[in-house]
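Chemist: At position 89 of the sequence shown the residue is numbered 88 (numbering that gives the first Met the number 0), and the sequence of numbers has no breaks. What follows is a single structure, and I will ask about it in a moment.
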Amino acid sequence: MIEILTPAELDRARDSGALVAEILRTLRNRALVGTNLLAIDEWARALIVEAGASSCYVDYEPSFGRGPFGHYICTAVNDAVLHGKPHDYTLADGDLLTLDLAVSLRGIAADAAISFIVGQTRPAESVALIDTTERALAVGIGAARPGARIGDLSHAIGAVLHGAGYSVNTEFGGHGIGSTMHQDPHIPNTGRPGRGYILRPGLLLALEPWAMVDTDRLTTDTDGWTLRSATGCRTAHSEHTIAITEDGAEVLTASPSVRA
Numbered sequence: 000m001i002e003i004l005t006p007a008e009l010d011r012a013r014d015s016g017a018l019v020a021e022i023l024r025t026l027r028n029r030a031l032v033g034t035n036l037l038a039i040d041e042w043a044r045a046l047i048v049e050a051g052a053s054s055c056y057v058d059y060e061p062s063f064g065r066g067p068f069g070h071y072i073c074t075a076v077n078d079a080v081l082h083g084k085p086h087d088y089t090l091a092d093g094d095l096l097t098l099d100l101a102v103s104l105r106g107i108a109a110d111a112a113i114s115f116i117v118g119q120t121r122p123a124e125s126v127a128l129i130d131t132t133e134r135a136l137a138v139g140i141g142a143a144r145p146g147a148r149i150g151d152l153s154h155a156i157g158a159v160l161h162g163a164g165y166s167v168n169t170e171f172g173g174h175g176i177g178s179t180m181h182q183d184p185h186i187p188n189t190g191r192p193g194r195g196y197i198l199r200p201g202l203l204l205a206l207e208p209w210a211m212v213d214t215d216r217l218t219t220d221t222d223g224w225t226l227r228s229a230t231g232c233r234t235a236h237s238e239h240t241i242a243i244t245e246d247g248a249e250v251l252t253a254s255p256s257v258r259a
């Protein structure tokens with residue numbers, strides 16, 4: 000299913016996106032050395048409920064997961080990159096943490112992810128990895144406009160990831176979003192320009208470049224959800240929800256000071 004939002008629905012999407020951005024900002028500030036992942040999940044729950052929103056994850060039960068996810072946010076550490084299920088782990092100095100959050104507010108969902116380093120130690124490999132996914136996300140957003148095709152976005156993202164020396168896994172990528180969290184079209188993180196669905200005003204997309212230092216293969220934890228690099232290398236993931244407008248793309252999940 001591909002949804003095209005009305006102007007009124009787009010206004011609601013802006014509210015959903017602003018809420019996701021604010022919750023991620025708050026959680027990033029609280030995620031310090033010594034913080035437990037289960038505490039982050041509880042903080043996310045409280046902030047979502049306080050805002051009158053609902054989590055897109057608690058009852059999420061796709062074919063690739065094992066039962067309902069059962070938590071309010073994805074917390075992936077170091078070699079974990081996607082669908083990180085919160086568990087009893089205490090953050091250490093130098094950990095690379097990814098927070099991936101999707102909420103629905105007044106019937107419209109928004110989805111975003113941030114990767115950052117906890118504490119004072121900043122391994123150069125982790126810094127470069129995070130920077131590359133953020134640059135790939137910015138370039139992908141820059142390619143999004145009415146009349147562009149999905150392949151144009153995929154190609155732009157992939158050019159940055161490949162250019163930095165990372166291989167690209169295409170099992171998981173970006174996606175359409177709207178009244179539900181995951182919709183068509185699928186947006187691989189590499190591809191050929193000029194191919195795929197033509198973007199139209201009112202379309203919402205979640206773009207999410209992610210990369211692993213030395214592999215493109217994933218393994219799944221025994222929890223049935225958490226995806227890790229097959230080699231144990233570090234990983235990073237950056238994501239925004241954008242709306243296609245008459246003029247280009249509007250980033251809905253950015254902080255107000257940097258919203259396009």
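By construction, the Cβ of each residue, glycine as well, lies at the ideal position given by its N, Cα and C atoms. Computed from a prediction, not measured in an experiment: that's the story for all the values here.
So for valine 257, helix, strand or coil by DSSP?
Modeler: A caution first: valine 257 carries a pLDDT of 42, below 50, which makes its placement in the model too unreliable to give a value.
Chemist: Give me the Cα-Cα distance between arginine 233 and isoleucine 107, rounded to the nearest whole angstrom.
Modeler: So the alpha carbons of these two residues sit roughly 33 Å apart.
Chemist: Tell me the start and end of each unbroken beta strand (DSSP E) in the region 167-251 that is at least 3 residues and wholly inside, in chain order.
Modeler: Taking only runs of at least 3 residues, the beta strand (DSSP E) segments lying wholly in the region 167-251 are 173-175, 182-186, 203-206, 209-211, 217-219, 226-228, 234-236, 239-243 and 248-250.
Chemist: Would the region 26-46 count as touching the region 80-93 if we require 3 or more Cβ pairs under 8 Å?
Modeler: Touching, per the Cβ criterion.
Chemist: Pull up the CB-CB distance for glycine 16 and tryptophan 224, whole angstroms please, since I reckon it's below 8 Å.
Modeler: Not quite, the Cβ-Cβ distance comes to about 25 Å (not below 8 Å), so this is no contact.
Chemist: For valine 76, name the three-state secondary structure that DSSP assigns.
Modeler: DSSP places valine 76 in strand when its eight states are reduced to three.
Chemist: In angstroms with no decimal places, state the Cα-to-Cα distance between threonine 221 and lysine 84.
Modeler: Each residue's alpha carbon lies about 11 Å from the other.
Chemist: List the endpoints of the continuous alpha helix (DSSP H) containing aspartate 110.
Modeler: No alpha helix (DSSP H) contains aspartate 110, which is instead part of the beta strand (DSSP E) from 107-116.
Chemist: With distances taken Cα to Cα, identify the nearest neighbour of isoleucine 39 among Thr214, Arg27 and Ile197.
Modeler: Comparing Cα positions, the closest option is Arg27.
Chemist: So the alpha helix (DSSP H) valine 19 belongs to, where does it begin and stop?
Modeler: Note, valine 19: alpha helix (DSSP H), 6-29.
Chemist: Hey, out of Ala12, Gly190, Gly195 and Leu4, whose CA is closest to threonine 252's CA?
Modeler: Residue Ala12 is the option with its Cα nearest to threonine 252.
Chemist: Which word fits alanine 111, buried or exposed, when buried means at least 16 other C-beta atoms lie within 10 angstroms of its C-beta?
Modeler: When all chains shown are included, alanine 111 counts as buried.
Chemist: For proline 187, count neighbouring Cβ atoms within 10 angstroms of its own Cβ and tell me buried if that reaches 16, exposed if not.
Modeler: Under this definition proline 187 is a buried residue.
Chemist: Can you look up glutamate 2 in the DSSP assignment and give me helix, strand or coil?
Modeler: Reduced to three states, the DSSP call for glutamate 2 is coil.
Chemist: Just mark isoleucine 3 as buried or exposed, buried being the case when its beta carbon has 16 or more other beta carbons within 10 Å.
Modeler: The residue in question, isoleucine 3, is exposed, as its Cβ has fewer than 16 Cβ neighbours within 10 Å.
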